[in-house]
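In our numbering, the protein residues as written are 48 to 177. The beta-carbon is built from N, C-alpha and C at its ideal position, and this holds for glycine as well.
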Amino acid sequence: MSEEFKIEIVNPEKSFLSKDDVTEVIVPAFEGEMGILKDHISIISFLKPGIITIFSKSGEDKFYVEDGIVEFKSNNLSVLTSSIFNLKEIEKSKLQDLIKIAEEESNKPEISDQSKYLADQKIEVLKTLN
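Next comes the structure, spelled out in structure tokens:
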């Protein structure tokens, strides 16, 4: 019996990724890191800044996301996000720029608690990649 399921990641520009041979996905949900295997209970959750790790028959892929929604239903995982980068392709200068932007956002005096939390999450995750 196959232990594989399908993932599709979509951002505003295009369908970013579609794979049929996925065995496990780890997503940075607001509730904490969530591992999804075949036949997982149906879920809908919000993503926080972090790393999506995809394990498949063709290897392991890692992507940085800043936000989004994840839905798992009938062995189909959908990720909708406004910002996603493949960690194999991202340049150090781009990481530095993202950290700088997040730090500027975090240091604004009129920032809400939720926005500060998200900016601090971005900084923490991006610094681990740097």
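In this structure, the alpha-carbon of K120 lies about 12 Å from that of V126. Inclusion of K109 and I116 in the CB contact set at 8 Å is not warranted, their separation being larger than that value. In this chain, the alpha helix (DSSP H) harbouring I146 covers K139 to S153. Under the DSSP assignment, D67 falls in the beta strand (DSSP E) whose first and last residues are S62 to A76. Distance check between N133 and each of S153, Y111, L124 and S49 places Y111 closest, using alpha-carbon atoms only. In the structure shown, I88 falls within a coil segment according to DSSP collapsed to helix, strand and coil.
Per the C-alpha coordinates, the member of H87, N177, S89 and P96 positioned closest to K141 is N177.
The criterion of a C-beta distance shorter than 8 Å is satisfied by N122 and K53. In its chain, beyond the 5 residues on either side, F119 have a beta carbon closer than 6 Å to the beta carbon of H87.
Selection T175, E151, E171 and V72 evaluated against E50 yields V72 as nearest (Cα-Cα).
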